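Participant: Each residue of the sequence shown is one higher than the one before, counting from 1064 in my numbering.
Beta carbons are placed, not taken as given, at the ideal position from N, Cα and C, and that holds for glycine.
In this text, all values refer to a predicted model and were calculated from it rather than measured experimentally.
Quick one: the structure is below, and I'll ask about it shortly.
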Amino acid sequence: MNSVSRLVTRIVSTALQTYWKVFKPSTFGVKALILHPSDPGLCLMIRHSYTDQQRWGLPGGGYRPRREPAEDAVRRECREELGIVLAPVVTVLVETVTELEGKRDRLTIFRGTASTADLRPNREVAEARWTPLDCSGLPDGRLVSRWAEMAISAHRGT
């Protein structure tokens, strides 16, 4: 992604965060714990290009429940952000509510298996990599989102 696209993405992200803190809207989000197609001991972790750029986490995004169910939204987000198709998805964490960014966000995390290990990240993704479920494949000093940690823990049954 070129520097102009990154700058525009960061400006839009900052404007949205300001809006959320002032108006506190209700939003809906999905994330995916994506397992490798040939090695279920590996999962996909990403760093976003627009916010919290040092933290590794799960791909996902927002959706509108009146337009699409959460299951369709998580598949769409994975297709848009990474160019991959998810096999049937299973809910890992059911609708966790957070006010982390100043909004009331209802988040659902799914688990699915990627159709391919080949990724085509879009401009929202600064970096993506397959890593063991313990995240040992990430760089030293890594920060991992609490949502990723919770999803991995739920997947492992711990």
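Alpha carbon to alpha carbon, what distance is there between residue 1113 and residue 1079?
Facilitator: Against the sequence shown, residue 1079 aligns to sequence position 16. Against the sequence shown, residue 1113 aligns to sequence position 50. Spanning the two alpha carbons is a distance of roughly 11 Å.
Participant: Run through the DSSP bridge pairs and tell me what residue 1068 is partnered with.
Facilitator: Position 5 of the sequence shown holds residue 1068. DSSP lists no partner for residue 1068.
Participant: How big is the Cα-Cα spacing for residue 1218 and residue 1174?
Facilitator: For the purposes of this step, residue 1218 is taken as residue 155 along the sequence shown, with counting starting at 1. For the purposes of this step, residue 1174 is taken as residue 111 along the sequence shown, with counting starting at 1. If I take the Cα positions, the gap works out to 8 Å.
Participant: Between residue 1177 and residue 1109, how many whole angstroms is the CB-CB distance? I'm expecting something under 8 Å.
Facilitator: In the sequence shown, the residue the question calls residue 1177 occupies position 114. In the sequence shown, the residue the question calls residue 1109 occupies position 46. Rounded, the Cβ-Cβ distance is 13 Å, inconsistent with contact.
Participant: Does the Cβ of residue 1171 have 16 or more other Cβ atoms within 10 Å, making it buried, or fewer, making it exposed?
Facilitator: On the sequence shown, position 108 is the one that residue 1171 refers to. When all chains shown are included, residue 1171 counts as buried.
Participant: For residue 1074, is the classification buried or exposed, using 16 other Cβ atoms within 10 angstroms of its Cβ as the cut-off for buried?
Facilitator: Within the sequence shown, the letter at position 11 stands for residue 1074. Per the 10 Å Cβ criterion, exposed.
Participant: Taking DSSP's pairing of strands, which residues face residue 1175 in a bridge?
Facilitator: Looking up residue 1175 in the sequence shown gives position 112. Residue 1175 pairs with 1097.
Participant: Answer yes or no: do residue 1139 and residue 1148 have a C-beta to C-beta separation smaller than 8 Å?
Facilitator: What you label residue 1139 is simply residue 76 of the sequence shown in a count that begins at 1. What you label residue 1148 is simply residue 85 of the sequence shown in a count that begins at 1. Going by C-beta atoms, residue 1139 is not nearer than 8 Å to residue 1148.
Participant: Just to confirm the assignment, what range does the alpha helix (DSSP H) spanning residue 1215 have?
Facilitator: Residue numbering aside, residue 1215 sits at position 152 when the sequence shown is read from its first letter. Here the alpha helix (DSSP H) through residue 1215 covers 1209-1219.
Participant: Starting from residue 1188 and walking both ways along the beta strand (DSSP E), at which residues does that stretch end?
Facilitator: Position 125 of the sequence shown holds residue 1188. Note, residue 1188: beta strand (DSSP E), 1188-1195.
Participant: By a C-beta neighbour count over all protein chains shown, 10 Å radius and 16 as the cutoff for buried, is residue 1082 buried or exposed?
Facilitator: Translated into the one-based positions of the sequence shown, residue 1082 becomes position 19. Result: exposed.
Participant: Going by the beta-carbon positions, is the gap between residue 1101 and residue 1180 smaller than 8 Å?
Facilitator: As a position in the sequence shown, residue 1101 is number 38, starting the count at 1. As a position in the sequence shown, residue 1180 is number 117, starting the count at 1. Yes.
Participant: How many angstroms separate the CA atom of residue 1097 from the CA atom of residue 1183?
Facilitator: Position 34 of the sequence shown, counting from 1, holds the residue named residue 1097. Position 120 of the sequence shown, counting from 1, holds the residue named residue 1183. Using only the alpha carbons, I get a separation of about 15 Å.
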